[in-house]
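Read the structure below first, then the notes.
Numbering (the numbering used here), first residue to last: -11 to 251.
Okay, here's the thing in structure tokens:
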């Protein structure tokens, strides 16, 4: 089995599942050209009217995309949204209820919101760009499915290791020294919500890793020893092709191929 530490930076980014993929340049250009900028403070919730009718792109800051569950012991899934990413490809073509979802502003943030109707109209105005939206929506959904399976089937220890790795990759950490710094501060409660575990369990795991000399803190930031990732697969589901969570089956949905099929 391939190990994640042996991958180059691009392949490392493809192996992450806790955070969505960076928006592609052509979609980013469309968002910036047609979107409306808004700023929200830490602790705010994105209004439901915006969540229902718009795509939401994060320029700067940090968001938590929260999905309610029916399990009272684990009432919510939390996705971390870092800059240059969309919060979700939810309701791309339909205007349905979003009652089980909310977006909390975890740090002061600047957003761009784009009316979904503009994206729907691309099917007439720019089929190639519309197809790219659809391709990325499929990829986003597949990645979210992989994350859900991983959270439901993995041990708390494996979830923590994978999350720490994903955070290092997303913040473009160079894996060139034994100790790596996670360049954002998250509270114990925030990490526990993201991993779908209790704060007590998180504290026990972090205490154990500190005793083993695998994590420490410097200037308030968490530092991780690369030895923690020595046995980590490129994909948490155990794929051995070093392609992360991007299924080979998705290759047939490349933009060019989809246009040819539609025509």
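Glycine included, every Cβ here is placed at the ideal spot set by N, Cα and C.
Rounded Cβ spacing between residue i and residue j (contact assumed at less than 8 Å)
| i | j | result |
| --- | --- | --- |
| residue 171 | residue 209 | 7 Å |
| residue 55 | residue 65 | 5 Å |
| residue 93 | residue 39 | That belief does not hold up - the Cβ atoms of residue 93 and residue 39 are roughly 12 Å apart, past 8 Å. |
| residue 192 | residue 183 | Wrong, their Cβ atoms sit about 13 Å apart, outside the cutoff. |
| residue 12 | residue 95 | With 8 Å as the limit, residue 12 and residue 95 do not qualify as a contact, their Cβ atoms being about 25 Å apart. |
| residue 132 | residue 14 | Going by Cβ atoms, the distance from residue 132 to residue 14 rounds to 22 Å, so no, they are not a contact pair. |
| residue 150 | residue 220 | 7 Å |
| residue 134 | residue 5 | 5 Å |
For residue j and residue i, the rounded distance between their alpha carbons
| i | j | result |
| --- | --- | --- |
| residue 175 | residue 115 | 43 Å |
| residue 136 | residue 163 | 27 Å |
| residue 74 | residue 23 | 13 Å |
| residue 16 | residue 46 | 11 Å |
| residue 166 | residue 103 | 45 Å |
| residue 71 | residue 180 | 21 Å |
| residue 21 | residue 109 | 15 Å |
| residue 159 | residue 52 | 17 Å |
| residue 124 | residue 25 | 22 Å |
| residue -2 | residue -8 | 11 Å |
| residue 117 | residue 3 | 25 Å |
| residue 207 | residue 195 | 18 Å |
| residue 186 | residue 113 | 49 Å |
| residue 161 | residue 41 | 35 Å |
| residue 128 | residue 76 | 8 Å |
| residue 213 | residue 68 | 23 Å |
| residue 145 | residue 9 | 24 Å |
| residue 7 | residue 154 | 7 Å |
| residue 211 | residue 200 | 13 Å |
| residue -5 | residue 87 | 40 Å |
| residue 204 | residue 198 | 6 Å |
| residue 90 | residue 156 | 26 Å |
| residue 0 | residue 223 | 10 Å |
| residue 35 | residue 218 | 43 Å |
| residue 188 | residue 32 | 27 Å |
| residue 147 | residue 178 | 14 Å |
| residue 50 | residue 98 | 9 Å |
| residue 126 | residue 59 | 27 Å |
| residue 202 | residue 37 | 45 Å |
| residue 143 | residue 152 | 14 Å |
| residue 106 | residue 100 | 14 Å |
| residue 111 | residue 57 | 34 Å |
| residue 139 | residue 130 | 14 Å |
Boundaries (first-last residue) of the alpha helix (DSSP H) holding residue i
| i | result |
| --- | --- |
| residue 141 | 115 to 141 |
| residue 17 | 13 to 22 |
| residue 173 | No alpha helix (DSSP H) contains residue 173, which DSSP labels as neither H nor E. |
| residue 150 | 144 to 158 |
Secondary structure of residue i, DSSP reduced to three states
| i | result |
| --- | --- |
| residue 41 | helix |
| residue 51 | strand |
| residue 234 | Residue confidence is low: residue 234 scores 48 on pLDDT, short of 50, so the model does not pin down where it sits. No coordinate-derived value is stated. |
| residue 104 | helix |
| residue 34 | coil |
| residue 182 | helix |
| residue -3 | helix |
| residue 5 | coil |
| residue 204 | strand |
| residue 10 | coil |
| residue -9 | coil |
| residue 72 | coil |
| residue 229 | In this prediction, residue 229 scores a pLDDT of 49, lower than 50, which makes its location untrustworthy; no coordinate-derived value is stated. |
| residue 29 | coil |
| residue 99 | strand |
| residue 220 | coil |
N-terminal and C-terminal residue of the beta strand (DSSP E) that residue i is part of
| i | result |
| --- | --- |
| residue 69 | 64 to 69 |
| residue 198 | First-last for residue 198: 187 to 199, but that is the alpha helix (DSSP H), not the beta strand (DSSP E). |
| residue 88 | Element bounds for residue 88: n/a, residue is neither H nor E. |
| residue 213 | 209 to 213 |
Near the ligand NAD: residue i beta-carbon under 7 Å from a heavy atom
| i | result |
| --- | --- |
| residue 199 | The ligand NAD is absent from the structure shown, which contains no ligand whatsoever. |
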